[in-house]
Every structure is written in C-alpha cells, then in structure tokens.
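Input: a single structure, listed below in structure tokens.
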Amino acid sequence: MISGLIGRKIGMTQVFTEDGTMEAVTAIEAGPCTVTQVKTADKEGYNAVQIGFGEAKYISAPEQGHLGKLGSFKHLREFRVKDTADVELGYRVDVSLFQPGDLVDVSGISKGRGFAGTVKRHHFAGGPKTHGQSDRHRAPGSIGAGTDPGRVLKGQKMAGHMGDQRVTVKRLKVVKADPDRNLLLVRGAVPGAKNSLVEVRKSEAGD
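The sequence shown: position 181 = 713 (the working numbering), numbered continuously.
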C-alpha cells in the first residue's frame, strides 16, 4: 500500500473546529500522483513505489524511456512500502489516502537564510551589552582551547550558511482532506516557502 504523496505547499491559514477552537493549518496541494515504477524485494532488493507529480513541459530522452506512455512528470519521488501486491503502473493516488485525524510526516527544503551568525543560526545568547563591551554583542566567544588540543574541534557551532536544507516535521495531524480540490490541511507549519515541493508520508508508530 502506498504510504505517501508529493505535493506543493500553498501557505498557512486557520480553521475553526466544531467546538469553536481556532487551529493554524498549512494548506498543501497533494497529488494526484501516478505510479511510475514498482520496485520489489526479489528484483531490486527492497519494496518501493515511485510516483510522479506535476506536468513537465519537456523531459529528457532517458526520462521518456523510463516513463513510457504514463505521461511527463516534473517531479519523481520514491516511497518505501511493505508490500507491492496491490500496486501497478499507472495507478493514481490522491488525498483520499489520508483521513482527518491521521498523523503525517512532511518533508521539504527549508527557506534559505543566507550567511547567518551564531545568534541567528544557533541561538547563541551573545555577549554583555555594557561594561566595556564595544563590538562583542553578537560574537560567538571562544571557539576552542589553547595548546591542547590546539585546534578547533569538528562540529563547532559557528557562523555559516543557514537554511536551504531538507527538513522533516513529524507527526502533524491531518485536519481535512478534500479529494475534489486535491487539498490537504495539516495542523502546524511545514518546511519550505510557498509553492515549494513537499512530501507527505503517513507517520509510523514509534516515530
């Protein structure tokens, strides 16, 4: 059984529940997706399903050979599955895969923040604002010891490029699934900017 969809983040809004509680939700245009490849443990060593999302204007010759008559898709993603017996090429998947109350994991590329200092990037407290300080307010402070070890240890939190990385937010609750509009509402925020690509998977027990 397929466990996820490819979608596009539309943005955030708010909804009211039956008891009048307001919830912040993220709207995702999820699917419809088409199965473009089925991988089995016997042939590839593991069970997985590749699905396509979004229509591509141009695709390369290797992609044409891979997709055949299934169509031209802008995005292809692979989802691990436990069993591929009920999945075949050309099978279409939409948001009816999810029901209100389900828990999902959403993956996407976070917003790029450019070169950021330690206060913004790693939430350092910064230095004192007074008592002789003139230019150390947002400095990182000491980054290592002296003679021993005589170097900066790997992994030291320092200034650098922030964001533009793959991020997964786990166990978000599905508030609404609308197959007619390919719309999925999940509680809370998901990674990425508006119109960015996201992957929505059913959360596994124990995540």
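Every residue, glycine too, gets a C-beta built ideally from N, C-alpha and C.
Quick caveat, the model's predicted, so the values are computed rather than measured.
Next on the checklist: Please identify the residue among 657, 653, 666 and 675 whose C-alpha is closest to the C-alpha of residue 692.
Outcome noted: Residue 653 is the option with its Cα nearest to residue 692.
Checklist entry - Any idea which residues DSSP pairs residue 637 with across the strands? => result In the DSSP output, where bridge partners are listed per residue, residue 637 has 733.
Checklist entry - If we count the other Cβ atoms within 10 Å of its Cβ and call it buried at 16 or more, is residue 561 buried or exposed? => result Buried, since its Cβ has 16 or more Cβ neighbours within 10 Å.
Checklist entry - Counting pairs of Cβ atoms below 8 Å between the stretch 572–591 and the stretch 534–552, do you hit three or more? => result Flag = yes, the stretch 572–591 and the stretch 534–552 touch.
Item to check | Best match in 651, 589, 631 and 613 for proximity to residue 577 [C-alpha to C-alpha] | outcome: For residue 577, the closest C-alpha among the options 651, 589, 631 and 613 is that of 613.
Checklist entry - For residue 550, which beta-bridge partners are listed by DSSP? => result Residue 550 is not bridged to any residue.
Item to check | Nearest residue (CA-CA) to residue 602, options 667, 622 and 670 | outcome: Nearest of 667, 622 and 670 to residue 602, Cα basis: 622.
Checklist entry - Taking the alpha carbon of residue 712 as the point to measure from, which residue in 645, 564, 726 and 590 has its own alpha carbon closest? => result Selected option, being the one with the closest Cα: 564.
Next on the checklist: Restricting to Cα atoms, I'd like to know which of 568, 620 and 610 is closest to residue 598.
Outcome noted: For the set 568, 620 and 610, the Cα lying nearest the Cα of residue 598 is the one of 568.
Item to check | Alpha-carbon to alpha-carbon, residue 671 and residue 615 | outcome: One C-alpha to the other measures close to 53 Å.
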